[in-house]
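Trainee:
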Ligand code: SF4
Ligand code: SF4
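Chains as they are written, first to last, in our numbering: chain L, 1 to 340; chain X, 1001 to 1563.
1. Any beta-carbon of chain X closer than 7 Å to the one on residue 101(L)?
2. Quick check on DSSP: helix, strand or coil for residue 1200(X)?
3. For a test of your reading of the model: does the CB of residue 1375(X) fall under 6 Å from any non-hydrogen atom of ligand 1? Yes or no.
4. Quick check: the stretch 1362 to 1375 of chain X against the stretch 1045 to 1056 of chain X, are at least 3 beta-carbon pairs closer than 8 Å?
5. Under DSSP, the alpha helix (DSSP H) around residue 1371(X) begins and ends at which residues?
6. Considering only the beta carbon of each residue, do residue 1068(X) and residue 1045(X) sit closer than 7 Å?
7. Taking 6 Å as the line, does the beta carbon of residue 1407(X) fall inside it for any heavy atom of ligand 1?
8. In whole angstroms, what is the alpha-carbon distance linking residue 118(L) and residue 1233(X)?
9. Relative to ligand 2, is the shortest distance from any of its heavy atoms to the C-beta of residue 1337(X) smaller than 6 Å?
10. Between which two residues does the alpha helix (DSSP H) containing residue 1147(X) stretch?
11. Between residue 8(L) and residue 134(L), what straight-line distance do the alpha-carbon atoms span, to the nearest angstrom?
12. Examine ligand 1 and report whether any of its heavy atoms sits within less than 6 Å of the Cβ of residue 124(L).
13. Just by C-beta distance, which residues in the stretch 102 to 118 of chain L are closer than 9 Å to chain X?
14. So which residues touch the region around ligand 2, with touch meaning a C-beta under 7 Å from any heavy atom?
15. Is the number of C-beta pairs between the stretch 314 to 326 of chain L and the stretch 1277 to 1295 of chain X that are closer than 8 Å three or more?
16. Among the candidates 1331(X), 1066(X) and 1412(X), whose CA atom is the shortest distance from the CA of residue 1148(X)?
17. Return yes when the Cβ of residue 1187(X) is within less than 7 Å of the Cβ of residue 1158(X), no when it is not.
18. Enumerate in chain order the residues of its own chain whose CB-to-CB distance from residue 1218(X) is below 8 Å, with the five nearest sequence positions on each side excluded.
19. Taking the beta carbon of residue 107(L) as the centre, do at least 16 other beta carbons fall within 10 Å, making it buried, or is it exposed?
20. Which of the three DSSP states, helix, strand or coil, is assigned to residue 253(L)?
21. May I ask you to list the residues that DSSP assigns as paired with residue 1267(X)?
22. What did DSSP end up calling residue 285(L) once you bin it into helix, strand or coil?
23. Kindly give me the distance between the Cβ atoms of residue 1424(X) and residue 1416(X), rounded to whole angstroms, as I take these residues to be in contact under 8 Å.
24. Quick check on residue 1169(X): buried or exposed, where buried means 16 or more other Cβ atoms within 10 Å of its Cβ?
25. Among 1304(X), 1097(X) and 1106(X), which residue has its Cα nearest to the Cα of residue 1080(X)?
26. Please indicate yes or no: does the CB of residue 232(L) lie closer than 6 Å to some heavy atom of ligand 1?
27. Quick one: give me the first and last residue of the beta strand (DSSP E) that residue 1289(X) is part of.
28. In the DSSP output, which residue or residues are listed as bridge partners for residue 1075(X)?
29. Taking only beta-carbon positions, decide if residue 1417(X) is within less than 7 Å of chain L.
30. Enumerate in chain order the residues of its own chain whose CB-to-CB distance from residue 1136(X) is below 8 Å, with the five nearest sequence positions on each side excluded.
31. Expressed to the nearest angstrom, what Euclidean distance is found between the alpha-carbon atoms of residue 1489(X) and residue 1464(X)?
32. Of the choices 124(L), 284(L), 90(L) and 150(L), whose alpha-carbon is the least far from that of residue 1376(X)?
33. With a threshold of 7 Å between beta carbons, is residue 334(L) in contact with chain X?
34. What residues in its chain sit with their C-beta under 7 Å from that of residue 122(L), if we drop five residues either side in the sequence?
35. Put residue 1115(X) into one of helix, strand or coil per three-state DSSP.
36. How many whole angstroms separate the CB atoms of residue 98(L) and residue 130(L), which I take to be in contact at a CB cut-off of 8 Å?
See below:
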């Protein structure tokens, strides 16, 4: 039955997802510029796997395929996976991760809109637990040419340890830990000295800080387009900055600077593209602030004291669990019941 | 003079489509062949018919008397013969009927004798009775009897009288045209209302997309020399014309759901209502016509001064409906209701007949799951979380839906308007509300138990009767057998005759069931609780539709033998 309103805004899930994809383009461009075109191959692999997995599940669940495949939500998940996995991850790793995300985390929970966990982040966490070595190999900017990347992705070459290192976050943490130990040759060096190496740039990792800038630009555009609100990015960045400032202010020799935290790893991607996933995130304005601040604090703790290269993924999942509670407790007063 | 305005949360900006119907002046409508005037057109009790079929009535003659403490009279819109007082389809999506007076105009359009009152010298109670009997109700669409709102609050006076000329719904321009063409008469009505309410100030809120109306009203105020009345242009944003939203914008006050605005020193009336109050007081004319916008899929959108009871198709014909017209909508595209046919009558609630076509109002794209994007919550002027209410409405968890303030929803449709998943959210909320009302009514009348008891009685009686029938049939058969054995009748004739009593028995059974259900229904109606008394006719129709559906279920069950 067709009832009022008889007019509607021209909005659709598809256009929302499309704009999210567009907003990722600046970061992808920076990625290609500094790290080579391998990432494009990863994006393609992940997209194909996501669409195939989604199509199969829709067929099994008897849902309209054309409608749900063109909503592009699977492609967004795929891109986030490609962008968080190492660019030289073997193809099967990307495919497995993507299928896990789309088939298990999304479709088995009921499909679009029903998943309590962020699919991309759940896949990342599962894969890093299952394949810690493969998930931790990051080439430095400009280190590998396209052919080598293709070889790595499609399995021609697997001598990775020799040519790739850890993420800048990982590297700095390791360096800071050895600097703290009296036996190490790094002992006594300060953060800025540790960051003097070729892996580091102005604020974070060399090259990766530009990708982070790309996420920032795309994310701000999403806010302008009213696809996301400012609450989550602001609260996440603010809380991450504040937690980093707290410890860095006390022990600048032992902890990375707040700006380094913001510019490194998945911080910007998380702030603008991952935590802002509406399905698995908090929805009320106050809830969003709490949700994102919580995620930032977890991220900082995992980064500084944990063993994983980055903390955004685990922090996201942890906060995803709390979303129903946060939403319930932060319902805003309705019209006429405000206390102003 | 710059007045501080306030904001309300949310709102949307649909395409307004208002210029098309404001190019030509308000036009009159030729008398139709017949007028169908529903007796129940306003919130409150059903007026009782005062005329008989065959009776001659004059224009303005009361044909439905106000009944109960909240009710409003209904009048003949022209002179003519009462052809019938019968059930007729009402202008509501359900297609339900309502008791209506059908008048065949005699073409003379002769007024009955009209009595005027001086509102300054008449005691307030008498004045209110006068307005009740003049059938003046809110013309913004809520059709709440105006006399009941023309009481100052506890302190005997009011701070602000808000006059609603915002007209935020797209396509509708009848208030705009009224303010342009009849501002000074409207203003006289406002002055009378201010007197009755002892209001300190009057604020006339008009959306700033109607500069002509603002100018016209301001000129009328200046010309009248009245002070303390101000026409205020407010930002154009749907639903700025919702009473609560307008009060908020003009005064900063938020009147919570279920509270009277007079408790906060404010009262709000529509500009059309002000004009009809003027007509009633100054000329003694009851509310028998109103301005109606005809817009949408017509070649010449325009505003008409329409007699209540005029069939909509008679009216729309004047504006030139296009051939692909597939529906009429009463009201605007945001909150309007689809009509069950083209010949339903214009009533006091009809501010617009929006002519629709599949091209103009295409069916929404397929519904997708909610992605919790929060767009609906951002757009909701009542600060609700529509997607949470949707979730609970869908799972019929009405208690939870109410916890999320379902009844604070003003059904403005903003949430459905913005939802990227194209979920008809407000449909879910309307459904849930009617469902809850219907259930409450059922529960509070505590007739669930009585129903069952009666049904048991009825079944026992039916069984007894069936047994008796069976016995009688058996006896008859035996008799017949004896008779046939005596006189060798052909077997074929016997076979034909035998099944005959059967259908009549089931018929009787069905009639009995229906009678029982009807009785139960009537009793239910008698003990209906007070909180469901004061509903608009369309809301009552919603509830009735649900009641009917629910009642259909046990009836069906009763049909199967020994359910
Ligand atoms: S706008 Fe639609 S999709 Fe978005 S939260 Fe509301 S109901 Fe869900
Ligand atoms: S229809 Fe109800 S829930 Fe939807 S926006 Fe309007 S008030 Fe809010």
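No residue lacks a Cβ here, since even glycine has one placed at the ideal position from N, Cα and C.
Mentor: Taking the geometry as given:
1. no
2. strand
3. yes
4. no
5. Taken as a continuous stretch (DSSP letters only), residue 1371(X) belongs to no alpha helix (DSSP H), as it is neither H nor E.
6. yes
7. no
8. 47 Å
9. no
10. 1146 to 1149
11. 48 Å
12. no
13. 110, 111, 112, 113 and 114
14. 1010(X), 1376(X), 1379(X), 1380(X), 1381(X), 1382(X), 1384(X), 1386(X), 1389(X), 1409(X), 1410(X), 1411(X), 1412(X), 1413(X), 1414(X), 1415(X), 1416(X), 1425(X), 1426(X) and 1429(X)
15. no
16. 1066(X)
17. no
18. 1231
19. buried
20. coil
21. 1161(X)
22. helix
23. 5 Å
24. buried
25. 1106(X)
26. no
27. 1289 to 1296
28. 1062(X)
29. yes
30. 1072, 1145, 1146, 1147, 1273, 1276, 1277, 1280, 1286 and 1287
31. Because residue 1489(X) sits at a pLDDT of 40, beneath the cut-off of 50, its placement in the model cannot be relied upon, and the following sentence gives the value as read from the coordinates. Spanning the two alpha carbons is a distance of roughly 33 Å.
32. 284(L)
33. yes
34. 101, 105 and 317
35. coil
36. Not quite, the Cβ-Cβ distance comes to about 14 Å (not below 8 Å), so this is no contact.
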